[in-house]
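To start, the structure under review is shown below, and the notes come after it.
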Amino acid sequence: MLKQLQEELTISMKAGNKAAMIGLRNIIGKIKASQIDKGEPLTKEETLKILKSASKQLKESVEQYQKGGRDDLAEKELFELSLIDQFL
């Protein structure tokens, strides 16, 4: 799964899609941080757990941003959420 994310990042970089690059880098960073903490590569189930956790966190952020009238930040989080949903 990490390899798929990295391939998507490469595609985004070549296309010049900055929003996708930032979102994918955030996701990859979370996965790599967990791998470092564990000391070995993550299983697919562990990776999915991280993605689901990130998805939940982003949904909560979107709610808070919308309540606070920060639609610009909510939109950014929704885009990152759509990136994660592709892999769930």
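To convert a position in the sequence shown, counted from 1, into the working numbering, add 36.
Note that CB positions come from ideal geometry on N, CA and C, so glycine has one too.
Assumed close pair residue i, residue j - CB separation to whole angstroms, cut-off 8 Å
{"i": "Leu78", "j": "Ile64", "result": "Going by Cβ atoms, the distance from Leu78 to Ile64 rounds to 12 Å, so no, they are not a contact pair."}
{"i": "Lys80", "j": "Met37", "result": "6 Å"}
{"i": "Glu116", "j": "Asn62", "result": "7 Å"}
Member of the options whose CA lies at the smallest distance from the CA of residue i
{"i": "Glu111", "options": "Phe123, Leu124, Lys39 and Ser97", "result": "Ser97"}
{"i": "Glu70", "options": "Gly105, Lys85 and Asp108", "result": "The amino acid occupying residue 70 in the given sequence is Ser; Glu does not appear at that position. Closest option to Ser70, Cα to Cα, is Lys85."}
{"i": "Leu119", "options": "Lys95, Leu60, Lys74 and Asp107", "result": "Leu60"}
{"i": "Glu113", "options": "Lys74, Leu124 and Ala90", "result": "Ala90"}
{"i": "Gln122", "options": "Lys88, Gln102 and Gly105", "result": "Lys88"}
Residue burial classification, residue i (beta-carbon count within 10 angstroms, cutoff 16)
{"i": "Ala56", "result": "buried"}
{"i": "Ser48", "result": "buried"}
{"i": "Leu94", "result": "buried"}
{"i": "Thr83", "result": "buried"}
{"i": "Ile67", "result": "buried"}
CB contact check: residue i to chain D, cutoff 8 Å
{"i": "Thr83", "result": "In the structure shown, chain D does not exist; there is a single protein chain."}
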